[in-house]
Amino acid sequence: MALFKQFNLTGLLILISLVAGCTENEIPFDQELWLQSEFSYDDTRERMVGDLMDRYLKKELCYDDLLELLGSKAIPRYNVTNHIYFQLKEVNDSDVDPVWYPYLDITLDIDSCYQSAKIIKLR
-4 MALFKQFNLT
6 GLLILISLVA
16 GCTENEIPFD
26 QELWLQSEFS
36 YDDTRERMVG
46 DLMDRYLKKE
56 LCYDDLLELL
66 GSKAIPRYNV
76 TNHIYFQLKE
86 VNDSDVDPVW
96 YPYLDITLDI
106 DSCYQSAKII
116 KLR
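Residue numbers (the working numbering): -4 to 118.
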(Lines of atoms letter the chains of each structure in order from A and count residues from 1; the text may use other names and numbers.)
(Lines give C-alpha, C1' and ligand atoms only; values in the text may rest on other atoms or scores of the structure.)
Protein backbone atom coordinates (compact mmCIF):
# COMPACT_ATOMS: atom_id res chain seq x y z
CA MET A 1 0.00 0.00 0.00
CA ALA A 2 2.84 2.42 0.81
CA LEU A 3 4.42 1.69 -2.58
CA PHE A 4 1.12 2.59 -4.33
CA LYS A 5 0.93 5.89 -2.44
CA GLN A 6 4.53 6.67 -3.40
CA PHE A 7 3.77 6.14 -7.11
CA ASN A 8 0.65 8.32 -6.87
CA LEU A 9 2.67 11.07 -5.20
CA THR A 10 5.41 10.80 -7.83
CA GLY A 11 2.86 10.97 -10.65
CA LEU A 12 1.19 13.96 -9.04
CA LEU A 13 4.53 15.78 -8.69
CA ILE A 14 5.37 15.12 -12.35
CA LEU A 15 1.96 16.41 -13.44
CA ILE A 16 2.33 19.55 -11.32
CA SER A 17 5.79 20.27 -12.72
CA LEU A 18 4.54 19.90 -16.31
CA VAL A 19 1.57 22.16 -15.71
CA ALA A 20 3.63 24.73 -13.80
CA GLY A 21 6.10 24.92 -16.70
CA CYS A 22 3.51 26.47 -19.01
CA THR A 23 1.32 29.48 -18.53
CA GLU A 24 -2.42 29.13 -19.04
CA ASN A 25 -2.25 29.68 -22.80
CA GLU A 26 1.05 27.95 -23.51
CA ILE A 27 1.26 24.46 -24.92
CA PRO A 28 4.29 22.18 -25.19
CA PHE A 29 6.34 22.47 -28.38
CA ASP A 30 5.28 19.92 -30.99
CA GLN A 31 7.30 19.95 -34.22
CA GLU A 32 4.48 18.48 -36.30
CA LEU A 33 2.00 21.12 -35.11
CA TRP A 34 4.59 23.87 -35.60
CA LEU A 35 5.17 22.85 -39.21
CA GLN A 36 1.44 22.50 -39.91
CA SER A 37 0.60 25.96 -38.60
CA GLU A 38 2.91 28.02 -40.84
CA PHE A 39 1.54 31.51 -41.57
CA SER A 40 -1.69 30.77 -39.81
CA TYR A 41 -4.20 33.01 -38.14
CA ASP A 42 -4.45 30.55 -35.27
CA ASP A 43 -2.15 30.98 -32.29
CA THR A 44 -0.58 27.50 -32.19
CA ARG A 45 2.99 28.66 -32.80
CA GLU A 46 2.60 31.64 -30.51
CA ARG A 47 1.35 29.40 -27.70
CA MET A 48 4.22 26.89 -28.00
CA VAL A 49 7.13 29.31 -28.56
CA GLY A 50 7.84 29.68 -24.82
CA ASP A 51 8.39 25.94 -24.41
CA LEU A 52 10.43 25.90 -27.62
CA MET A 53 12.72 28.66 -26.33
CA ASP A 54 13.06 27.13 -22.86
CA ARG A 55 13.60 23.49 -23.78
CA TYR A 56 14.66 23.08 -27.41
CA LEU A 57 16.77 26.02 -28.55
CA LYS A 58 20.28 25.17 -27.41
CA LYS A 59 23.76 26.45 -28.27
CA GLU A 60 24.66 23.25 -30.14
CA LEU A 61 21.92 23.83 -32.75
CA CYS A 62 23.27 25.39 -35.92
CA TYR A 63 21.48 26.85 -38.93
CA ASP A 64 20.67 23.53 -40.65
CA ASP A 65 19.52 22.01 -37.32
CA LEU A 66 17.20 24.96 -36.71
CA LEU A 67 15.70 24.67 -40.19
CA GLU A 68 15.18 20.94 -39.66
CA LEU A 69 13.46 21.59 -36.32
CA LEU A 70 11.38 24.62 -37.32
CA GLY A 71 10.95 24.27 -41.06
CA SER A 72 12.78 25.64 -44.04
CA LYS A 73 10.57 28.71 -44.46
CA ALA A 74 12.63 31.06 -42.34
CA ILE A 75 12.00 34.69 -43.20
CA PRO A 76 15.12 36.61 -44.28
CA ARG A 77 15.44 40.22 -43.19
CA TYR A 78 17.20 42.95 -45.10
CA ASN A 79 20.90 43.34 -44.22
CA VAL A 80 20.64 41.17 -41.12
CA THR A 81 22.82 38.16 -41.80
CA ASN A 82 23.06 36.63 -38.33
CA HIS A 83 19.31 36.34 -37.69
CA ILE A 84 16.59 33.98 -38.87
CA TYR A 85 12.91 34.66 -38.32
CA PHE A 86 9.88 32.42 -38.06
CA GLN A 87 6.43 33.95 -38.25
CA LEU A 88 4.27 32.97 -35.29
CA LYS A 89 0.88 34.36 -36.25
CA GLU A 90 -0.96 36.92 -38.34
CA VAL A 91 -2.74 39.56 -36.29
CA ASN A 92 -5.56 41.60 -37.80
CA ASP A 93 -7.37 44.56 -36.33
CA SER A 94 -9.46 44.86 -39.48
CA ASP A 95 -10.74 42.61 -42.24
CA VAL A 96 -8.31 43.98 -44.82
CA ASP A 97 -4.62 43.76 -43.94
CA PRO A 98 -2.65 42.36 -41.03
CA VAL A 99 -1.54 45.07 -38.61
CA TRP A 100 1.53 43.36 -37.22
CA TYR A 101 3.19 39.98 -37.12
CA PRO A 102 4.88 38.35 -34.14
CA TYR A 103 8.10 36.56 -35.11
CA LEU A 104 10.58 34.31 -33.38
CA ASP A 105 13.90 36.11 -33.94
CA ILE A 106 16.84 33.72 -33.59
CA THR A 107 20.30 35.27 -33.41
CA LEU A 108 23.16 33.14 -34.73
CA ASP A 109 26.80 33.38 -33.70
CA ILE A 110 29.76 33.67 -36.07
CA ASP A 111 29.61 29.89 -36.71
CA SER A 112 25.89 30.14 -37.64
CA CYS A 113 24.84 28.39 -34.43
CA TYR A 114 22.13 29.40 -31.99
CA GLN A 115 23.05 32.28 -29.71
CA SER A 116 19.73 33.67 -28.45
CA ALA A 117 16.05 34.07 -29.28
CA LYS A 118 13.32 36.61 -28.62
CA ILE A 119 9.85 37.48 -29.81
CA ILE A 120 9.56 40.59 -31.95
CA LYS A 121 6.65 42.30 -33.71
CA LEU A 122 7.01 43.54 -37.28
CA ARG A 123 4.61 45.29 -39.62
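Ideal Cβ positions, reconstructed from N, Cα and C, are used throughout, including at glycine.
| Item | Value |
| --- | --- |
| Please classify residue 82 as buried or exposed, where buried requires at least 16 other C-beta atoms within 10 Å of its C-beta. | buried |
| Along the chain, where does the beta strand (DSSP E) that runs through residue 117 open and close? | 109 to 117 |
| Do you know whose CA, among 115, 64, 76, lies nearest residue 30's CA? | 64 |
| Where does residue 75 sit, in a helix, a strand or coil, going by DSSP? | coil |
| Tell me whether residue 58 sits in a helix, a strand or coil according to DSSP, three-state version. | helix |
| May I ask you to report which of helix, strand or coil DSSP gives residue 100? | strand |
| Can you tell which of 108, 21, 70, 75 has its C-alpha closest to the C-alpha of residue 47? | 21 |
| If residue 54 sits next to residue 98, beta carbons under 8 Å apart, how far is it from one beta carbon to the other, in whole angstroms? | About 21 Å; that fails the 8 Å criterion. |
| Can the beta-carbon of residue 51 be found closer than 7 Å to that of residue 24? | yes |
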